[in-house]
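Numbering (my numbering), first residue to last: 27 to 118. Where is the CB? At the ideal position from N, CA and C, for every residue including glycine.
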């Protein structure tokens, strides 16, 4: 049984091929992390709409204008949704 002192082993070094593989793997991971959100796309946020109320309007006039603006928006969304369902069912 030997009792000689052994210094701790140095970390193993990467070979040239290992460094290249590590570098290319890192670049691939960074590229994928960057491209995935870009390729997914997504819908652009809807622009806020403005409703201009002239000065001097009474409350019932303001409420009627708001109701008209909201109803037109809801009706357009419902109309688009119903048309999409009909187009999808047309192929059946």
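Between residue i and chain D, is any beta-carbon pair separated by less than 8 Å?
i, result
"residue 63", "Here there is only one protein chain, and chain D is not present."
Which residues bound the alpha helix (DSSP H) around residue i?
i, result
"residue 75", "Unbroken run through residue 75: none, as it is neither H nor E."
Helix, strand or coil for residue i, going by three-state DSSP, please let me know.
i, result
"residue 70", "coil"
"residue 43", "helix"
"residue 82", "coil"
Can the beta-carbon of residue i be found closer than 8 Å to that of residue j?
i, j, result
"residue 48", "residue 40", "yes"
Quick test of the definition: if touching needs 3 or more C-beta pairs under 8 Å, does the segment 63-80 touch the segment 90-97? yes
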